[in-house]
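Inspection log for the structure reproduced underneath, given as structure tokens.
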Amino acid sequence: MKTSFVKKFMVIALALAMVFTFAACGGSNDSGSGDDGGEAGAAVLKIGSSGPLTGGASIYGVAVKQGAEIAVAEINAQESDFQIEFKMEDDEADGEKSVNTYNQLKDWGIQIMMGTVTTGACITASALTFEDRVFELTPSASSADVTAGKDNVFQVCFTDPNQGIKAADYIAENFPGQKVGVIYNNSDPYSTGIFNNFKAEFESKGGEIAAAEKYPDDTNADYSAQLTSMKSAGAEIVFLPIYYTPASVIMKQAKDMNYAPVFFGVDGMDGILDMEGFDTALAEGVMLMTPFNPWSTDEAVAAFVEKYQATYNEVPNQFAADGYDAIYALYNAFKAAGLSTDQPNEEICDAMIAQFTGGFSYDGLTGAAMTWNDKGEVNKTPVVCVIEGGIYVDR
Amino acid sequence: MIFLTNLINGLSLGSVYAIIALGYTMVYGISKMLNFAHGDVIMVGAYISFCATMYLNLPAWVSVILAMIVCTALGILIEGLAYRPLRGTGSLAVLITAIGVSYFLQNAALLIWGSAPKVFTSIFSALGSSISLFGGELTVTWEALFTLVAAVIIMIGMTLFTGQTKVGKAMRAVSEDNGAAQLMGINVNSTISMTFAIGSALAAIAGVLLCSSYPALMPTTGAMPGIKAFTAAVFGGIGSIPGAMLGGILIGVIEIFGRAYISSELSDAIVFGVLIIVLLVKPSGLLGKKITEKV
Amino acid sequence: MKMKIKNGRLSPYTKNSIISYGIVIIAFVVVSVLNGMGLVSSTLQGQLVPICAYIIMAVSLNLVVGISGELSLGHAGFMSAGAFTAIVVSGMLEASDMPVIARFAIAVVCGAIVAGVLGFLIGIPVLRLRGDYLAIVTLAFGEIIKNIMNIVYAGVDSHGFHLRANPDLGLEESGRMLLNGPMGATAVQRLSTFTAGFVLVLITLFVVQNIMNSKQGRAIMACRDNRIAAESIGLNVMKYKLMAFTVSAALAGMGGALFGLNFSTLLPIKFNFNTSVLILVFVVLGGLGNIWGSIIAATILTVLPEVLRQFADYRMLAYAIVLILVMIFTYSPKIKNFTQNFMENTFRKKDKKPEAEGGAAV
Amino acid sequence: MSIKFKKDDVIQNTVYDVYENYDESKSTVEDIILPERDKDKDPILDIRGLGIDFGGLTAVDEFTIAIGRTEIAGIIGPNGAGKTTIFNLLTKVYQPTRGTFLFDGKDTSGMTTTQISKMGIARTFQNIRLFDKLTVEENVKAAMHEEVNYGLASGIFHGPKYRKQEKAAHERALELLSIFDMQDLADYQASSLPYGAQRRLEIVRALATNPKVLLLDEPAAGMNPSETAELMNNIRKIRDTFGIAILLIEHDMSLVMNVCEGIAVLNFGRIIAKGTPEEIQNNPAVIEAYLGKKKEAK
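So the protein lines, in turn, are chains E, A, V and R.
According to our numbering, the first sequence is numbered sequentially starting from 73.
According to our numbering, the second sequence is numbered sequentially starting from 5.
According to our numbering, the third sequence is numbered sequentially starting from 135.
According to our numbering, the fourth sequence is numbered sequentially starting from -8.
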């Protein structure tokens, strides 16, 4: 064939590109793993993180990143022994990508992992941190699978079972005898996890779920069929263990069909008021269980919110607060354990585990006196808020 | 009543699919390419309308026109820069390029508008939220009503346009036989550009209507409706304008009914299952022309 | 690639086969040696198995799209079937004291068989259609497989294996959930290694390249090049297209098994339309029917997003632009003519060939 | 290019006679012809009242001829007369609306293209249909799928059966290619061949299926006079070597009149004349239909 020239050209170009990409990957290694913080000058504690910074779930990753960066800046301003170097990579909330991001961070010389943000990716990546003995504290991956069987993984957020049970207790207690419906995302471990535990607990308390409708991730545009089912079942309370984006659509569509139940959300509902263009009147009266209330009068919260708004020009959501708390919890535990930055990862990991399971307590934005059990789960009390006049009001 | 509600919801969703599918079908008819970036043009249209109303405080109808103008320009630009250089190389190379354009639009939108979902204010919000019928038993939203009406008007308009006007006839000629049309003195390049322009303007309308009914607006908003509309276009017989309309409506209704009466998890599987069965019975779609190869 | 080869010289297929095997073996040796010297970054190490899996996916899809000439947009569906089958099989065998290699091999074979059977069953209706209608139906089947995986629950306990369409499997306390509907598989034992991936890539190359250079391959390509002429010489077009489709699906199942056993969790949604498209991009970019092209394209495009991390937020935008530009530069007739003329004028006098007509048309 | 068949190999035209056992009710013309040597056997092709409509338009109607087992027959007629349609009917690319044809005495109603090929009808195409991306040799070998009959497992593992059969196929392909002296082109990509060679390759590919009837659709299109002359000899040589019948469509009158033993003239889908070349040349209906066309014939 006559095209042989073009083809040869392409072969050479492709081969060169291949060599280049390998070289680029190999190259980053030299700069990455060389320094374990042992060089002269300021000692550095490398905290890595991974979360979705692009794609559909990026709002959570970006919030965690921004919250964490504020915490890092605060700590670096006052800490004289060492500086925290914080690096967050984009995993698009994908398990395969989270392996890549973790390995990137490993090349960079990660000492402690603060992540990953989303559950699915976290389960995948935590299997690697467990093998490598890197201590991991996830701000927001809430499934029980994240920590199961891995002694090095801890959570800042509630576990899903915990939330489901607490929500069931609250509804059973405060709305006795009312009909309860649930709409949940059955392709999301977070949503399904909360729902399953909610259902079990609620039924054990003698409640009955009038209607439970699910939707898969792909068709998150339209909930009219689910709402029609809720309405016809006469549900007075609709429990929404889902994130706020679909929730906002559900509220709008419910209003369109003149259906006005009490919506009861969980921590994923947090953020709904910040959605650009969202008519907050739609969310009036919505109840949600969140560990973080940006309108709280708490001093620490107010300071954080002010700083966050000044830096990023938006109201922080719970994920930002989780990121902030995670950094501080790691820092406090690191100091309390008397660790130094030039210790190998295994030693840091073991000492941190001992610290976290040994009565370490941290007062954070998302809960006072947080403690951890040996499964890695956090113990803190959730707060139920109701949305009134566009802000959260504690119940 | 629940049945009627579901039917209306299905018709409304289907109308959006139909408008998107019209764009798909026209572009396919003329350039024989699957323009996978079409769904993302919808998303851009919705963002433009959103920005016009939120930041510039323009009235809703002006924002729609603005979105149409921007999308038209975008459509012409995409065709000229990405697709034209590959004309005549077979559909697969252009298909991959279209996927590249799709990635590009999504990621550009992510950089420009951020990842946080915007809540699109319905362009019919001034009319109130819905009409109550049968003493509140049945509610019909303005969005559903206008989407359906818009789809019908657009379909009639496009049928007349391609049938009656000079440009429309040129489009049909180019679809039938690119080379012969050129010999007849039709400017093929500008005709194809024109088709992309119209398809993209329709996409802008679809974007606004879609987000009026389902207000969460994200960079990935257009992707799934795009695939569904592509399915709808094939379902009705790709290249056929009434086919796109019929396919869109049917896909919408099947999707909603499937979700309501069979299984919300399997609603997509049901839609695609029906598509497969239809294609096996009618291999070129409901209203598609059977193409026989000349031997 | 020159077509004129005298008797005794290598046929073009043999030559291309050698290139493919060469690339894979050299890459394996180089990476292994570098790895032994500690020169391979963790990032690349972590990507080695996915790269092998994607190479298998790309080569197997090339059998359908390039060799058989049918556009398939649902290849990820077979990957999914292979991956989850392998995970289930491996999970069931976990309790036995079988060596890891044997368990991996059984899991991979089962994954390939299930995906192959699925490919055969799907192929029967799909291949009755033509062109874009065929493409949309493969897309539809891909989505249906994903949807069905979303409602499949499987677990194992002392009573054996349980498979249901709802989460209430009634497992014993000691039982283990293997597939958990939309939440996929968790706590998967990671059995895949780079060496295993390398071997599976070689198997894939062996199967695909040998088929290409056999009666079946000739028939498949004949049906692609001219369906009517193929029928006129008595070839059963449906049979050969189905053969290509089934073999491709089985290999994809193998690739999926390798992929699935490399991660501790796997969600069904991973194998969506975007993944099918990603694999298609490898194939088209590497060249239709060009096996070593698929290998290189799959490798580069898997590594590229990681290399582009320095562009941070602009990463995927850069990826999109690279993709568009490469497509235009590879396939645009104008640019192709230009490069061709330029290369010929610059480097060599035109040598006389029987006649010339555009080469790598799509 | 040297030609394997020398000019003096030209085979004398055989004597024609009337084929007696023919159902005249089906025919629009008076009789049917078969070469003398084929008369004692049944015709290989017995086409009876074949007709097809496309959307109400009759493309071919009452097409009735018989072809002897070693006959070279021709169909001529103006453009659009329905000549290629007849080939498509004979190879079942189209199913006939009316009528049928017997192949070797067997009714072919309802058969598919593939089955027809397996029975022994092979064809070439007016607009060349090669397997463009395959090599010349592969094009030929692709048609030998009946004799190369190893299974998929052999195809994958390349076992002894594969090697034996592939070797045999390779040798036979080169042998067939040598008819047109194309064995040196075996490794070229089919689409890279010049036009004339592509036409010849189509004939070789058709022969590789071991046909009993070879249908050639305008084999001389685009050839110059000397190539056409070579082709004529080769057509006769093929008939003699393989002992098969050849039915061809051709516009080149010199070729048709020189090579064909029987000719059917088609106009508007119907046969207007049948007979020997001499008869056809003197037929007033043919002259009328062909007026102006005849001048072009070289």
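Using N, Cα and C, we set each Cβ at its ideal position, and we do this for glycine too.
As the structure is a computational prediction, the values presented were derived from the model and not from experiment.
- Residues of the segment 181 to 209 of chain A with a C-beta less than 7 Å from any C-beta of chain V: none at all.
- Contact between the segment 72 to 83 of chain A and the segment 226 to 237 of chain A is absent: fewer than 3 CB-CB pairs across the two stretches fall below 8 Å.
- Contact note: Arg114 (chain R) reaches chain V through Ser366, using a C-beta cutoff of 7 Å and chain order.
- Taking the Cα of Val377 (chain E) as reference, the smallest distance to any Cα among E:Ala140, E:Ile266, E:Ile243, E:Ala199 is reached at E:Ala140.
- Per DSSP, reduced to three states, the secondary structure at Pro216 (chain R) is helical.
- Restricting attention to V:Thr329, V:Gly208, V:Ile354, the CA atom closest to the CA of Ile159 (chain V) is found in V:Thr329.
- Three or more Cβ pairs closer than 8 Å define a contact, and the segment 368 to 384 of chain V meets that threshold against the segment 100 to 113 of chain R.
- In this structure Gly189 (chain A) is exposed. Its beta-carbon is surrounded by fewer than 16 other beta-carbon atoms within 10 angstroms.
- Counted as a single uninterrupted DSSP element, the beta strand (DSSP E) harbouring Glu208 (chain E) occupies residues 207 to 210.
- In the pairwise beta carbon analysis, the segment 306 to 324 of chain E is classified as touching the segment 262 to 276 of chain E: at least three pairs are separated by under 8 Å.
- With a threshold of 7 Å between beta carbons, Pro248 (chain E) makes no contact with chain A.
- Taking C-beta atoms as the reference points, Phe128 (chain A) and Glu147 (chain A) count as a pair closer than 7 Å.
- Judged by pairs of C-beta atoms under 8 Å, the segment 450 to 462 of chain E does not touch the segment 212 to 221 of chain A, as fewer than three such pairs exist.
- Lys324 (chain E) is classed as buried because its beta carbon has at least 16 other beta carbons within 10 Å across all chains shown.
- Considering only E:Ile195, E:Asp163, E:Thr188, E:Val116, the residue with the shortest C-alpha distance to Leu400 (chain V) is E:Ile195.
- Three or more Cβ pairs drawn from the segment 75 to 88 of chain A and the segment 102 to 111 of chain A lie within less than 8 Å of each other, which places the two stretches in contact.
- Note on geometry: alpha-carbon atoms of Leu167 (chain R) and Phe233 (chain R) lie some 11 Å from one another.
- Pairwise C-beta distances place the segment 422 to 430 of chain V out of contact with the segment 239 to 256 of chain V, as fewer than three of them are shorter than 8 Å.
- The beta carbon of Glu83 (chain A) sits no closer than 7 Å to any beta carbon of chain V.
- Of the other Cβ atoms in all chains shown, fewer than 16 fall within 10 Å of the Cβ of Ala77 (chain A); this residue is therefore exposed.
- In the three-state DSSP reduction, Leu411 (chain E) falls in the coil class, being neither helix nor strand.
- Neighbours of Phe350 (chain E) across chain A, judged by C-beta separation under 7 Å: Val123.
- Counting only residues of its own chain and dropping the five nearest sequence neighbours on each side, Val335 (chain V) has a CB closer than 7 Å to the CB of Val158, Cys186, Ile189, Ile190.
- The alpha carbon of Phe212 (chain V) has as its nearest neighbour, out of V:Val234, V:Ile221, V:Ile240, V:Gly250, the alpha carbon of V:Gly250.
- Check the Cα spacing between Ala57 (chain R) and each of R:Asp231, R:Val277, R:Ala113, R:Val204: the tightest is with R:Val204.
- By the beta-carbon neighbour count (other beta carbons within 10 angstroms, threshold 16), Asn281 (chain V) is buried.
- If the five residues before and after Val321 (chain E) are omitted, its C-beta is found closer than 7 Å to the C-beta atoms of Tyr295, all from its own chain and listed in chain order.
- For Val465 (chain E), the uninterrupted beta strand (DSSP E) segment begins and ends at 463 to 466.
- The count of Cβ pairs closer than 8 Å, one atom from the segment 342 to 360 of chain V and one from the segment 135 to 152 of chain R, reaches three, so the stretches are in contact.
- Unbroken alpha helix (DSSP H) runs of no fewer than 4 residues, entirely contained in the segment 370 to 423 of chain V, are found at 371 to 394, 407 to 420, following chain order.
- With 16 or more other Cβ atoms from the protein chains shown falling within 10 Å of its own Cβ, Arg196 (chain R) counts as buried.
- Judged by their CB atoms, Ala207 (chain A) and Gly49 (chain A) are nearer to each other than the 7 Å cut-off.
- When only Cα atoms are considered, Lys286 (chain E) and Leu221 (chain A) end up about 21 Å apart.
- Where Met191 (chain V) is concerned, the enclosing alpha helix (DSSP H) starts and stops at 176 to 196.
- Assignment of beta-bridge partners to His242 (chain R) by DSSP yields no partner.
- Annotation: the continuous alpha helix (DSSP H) that includes Asp359 (chain V) extends over 349 to 359.
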